[in-house]
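Here our numbering is used: position 119 in the sequence shown is 180, and no number is missing along the way.
These notes are about the structure you will find just below.
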Amino acid sequence: MDRSAFHSLSYGMYIVATGTAERRNGQICNTVFQVTSEPATIAISINRLNYTYECLGSAGSFSVSVLEEDTPMTFIGRFGFKSGRDIDKFEGTAFRTCSSGCPVVLEHATSFIECRIRESFDCGTHALFLGEVEDAGVLTQARPMTYAYYHMVKKGRSPDRAPTFIGK
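The following block contains the structure:
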């Protein structure tokens, strides 16, 4: 099987975040998609080893911030290549807290979506979370970053816990 065929699937670059009174956390995610329009439902795929996965279970909600093309790699690295177990990823980052307690990243984001988790599905290394949309908004008119743009223009890579990771 030629797994490079998966690279032709279209993805975006997002920060999926969640929070409780004790701790907030977020991570880069490339697998976010709309499932239904009524009720508006979003799905996200999260690695079961990630701290975000642990936080989602206790929070019961999540936010998605859509990143713009001009997002610096250092910003992506903060949310994508560091663990929330070790650092507060939101320290020094512009964000607001939604009514659910989830942080929404305002810095380098074109829009946001806030969801209440309806269901989750075990998919082996990852879990798929379905979230009913409770709020959404456009923050800027900047162009959203696609995963292809991240790889081809920014020269970014897929970490080993990403659903799109292809080992050697």
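Glycine included, each C-beta is placed from N, C-alpha and C at the ideal position.
Check: Residue 91 versus 66, 115, 65, 137, residue with shortest Cα-Cα distance; Outcome: 137
Check: Member of 214, 118, 104, 199 whose CA lies at the smallest distance from the CA of residue 169; Outcome: 199
Check: Sub-8 Å separation of residue 120 and residue 79 beta-carbons; Outcome: yes
Check: Own chain partners of residue 180 with C-beta closer than 7 Å, once the 5 adjacent residues on each side are dropped; Outcome: 191
Check: Through-space distance from residue 209 to residue 71, alpha-carbon basis; Outcome: 8 Å
Check: Neighbour flag for residue 183 against chain D, beta carbons, 8 Å; Outcome: Absent from the structure: chain D. Only one protein chain is present.
Check: Buried/exposed call for residue 68, threshold 16 Cβ in 10 Å; Outcome: exposed
Check: Whole alpha helix (DSSP H) elements within the region 119-148, 4-residue minimum; Outcome: 134-141
Check: Within 8 Å, strictly: CB atoms of residue 171 and residue 125; Outcome: no
Check: Beta-carbon proximity list for residue 167, same chain, < 7 Å, skipping 5 on both sides; Outcome: 155, 156, 157, 200
Check: Rounded Cβ spacing between residue 103 and residue 184 (contact assumed at less than 8 Å); Outcome: That pair is no contact at about 16 Å.
Check: CA-to-CA distance, residue 165 to residue 173, given in whole angstroms; Outcome: 7 Å
Check: Under 8 Å between C-beta atoms of residue 150 and residue 73; Outcome: no
Check: Simplified DSSP assignment, three categories, for residue 156; Outcome: strand
Check: The alpha helix (DSSP H) enclosing residue 66, as first and last residue numbers; Outcome: Segment: none, residue 66 is in no alpha helix (DSSP H) and carries neither H nor E.
Check: Candidates 187, 130, 83: closest to residue 111 by CA position; Outcome: 187
Check: For residue 207 and residue 216, the rounded distance between their alpha carbons; Outcome: 12 Å
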